[in-house]
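Under numbering that gives the first Met the number 0, read the sequence shown as residues 0 to 183, first letter to last.
We put the CB at the ideal spot given by N, CA and C, even for glycine.
As C-alpha cells, the structure follows; a few thoughts come after it.
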Amino acid sequence: MRDQTRSYTTDLPRINLQFLARLLDKLGNAAPNTQVYCDTASGRLYLSRYSDGYSATINGVTQRVGITTTRVGDGVREWYVCPHCGERAAKLYTGCKDIGCRKCWHRHYASQSKDEADRLLLSARQQRRAIWGDDYPPADNLLNHARWLAKPARMRWETFERKLARLIKTEAAYWHTGGCQMRK
C-alpha cells in the first residue's frame with residue numbers, strides 16, 4: 000500500500016455554520032471587544048467582535064474573520080470570509096497558529112481520493128438506502144440481488160422500477176470493476 004500523500008479536511012479542527020450561528024447569538028448584540036472562546040484540538044480559540052467584523056485568536060495569533068451573506072429564497076445564508084484568500088467558506092479550519100479555508104490549507108475531501116470501484120459501491124449503497132431505507136436488513140447486503148428484494152409499501156411501482164433499473168445498472172458496473180480487482 001502506498002503512503003498517503005494528501006491531507007484531508009478531517010485532519011484539522013474546524014468551525015462550521017452551526018458554530019457561526021452560536022457565535023452570532025452570543026456576540027450579535029454584545030459590545031465591541033467582547034470575547035468568547037472554545038477549546039479545539041489545536042488550542043483555545045478566542046473569538047471577538049469588533050465594530051466592523053470579528054477576529055479569531057489561536058495560540059496568540061490573531062486573524063480577522065469576516066462574515067458575509069447571500070440571499071436564499073426569502074432568507075439569507077451566512078458565510079465566513081477566509082482571512083487569507085477572501086473567498087466565502089462554510090467552514091474554516093484551525094491550525095496551531097492560523098485559521099483559513101480548505102483551499103488555503105490545501106485540504107482535500109476523502110471522497111476525492113476514492114477510485115471508481117469505491118465510488119460505485121458508495122453510489123449503490125446510497126441508492127439502496129433511498130429505495131428501502133435503513134431498516135430493511137436484506138438491502139444492506141450487496142450479494143442480495145436488487146431484483147429479489149420486495150418493493151417498499153410506500154413507493155409507487157413506476158418510481159420503484161425507475162430507481163431499481165438505475166440501481167441494477169450501478170451494481171453491474173461495480174461488480175464489473177470490483178470483480179477485476181478481486182482476481183488480483
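As for any beta strand (DSSP E) of minimum length 3 sitting wholly inside the region 38 to 99, the runs are 42 to 49, 52 to 57, 60 to 71, 74 to 80 and 91 to 93, ordered along the chain.
In the DSSP annotation of this structure, the continuous segment of the alpha helix (DSSP H) that includes Ser122 starts and ends at Glu115 to Trp131.
Annotated three-state conformation of Tyr7 is strand, per DSSP. Boundaries for Ala109: no alpha helix (DSSP H) harbours it, and the DSSP string shows neither H nor E there. At a Cβ-Cβ threshold of 7 angstroms, Ala55 and Pro12 do not count as neighbours.
Remark: fewer than three beta-carbon pairs, one from each stretch, lie closer than 8 angstroms, so the region 120 to 128 and the region 17 to 27 are not flagged as touching. Residue pairing from DSSP places Ile14 in a beta bridge opposite Leu91.
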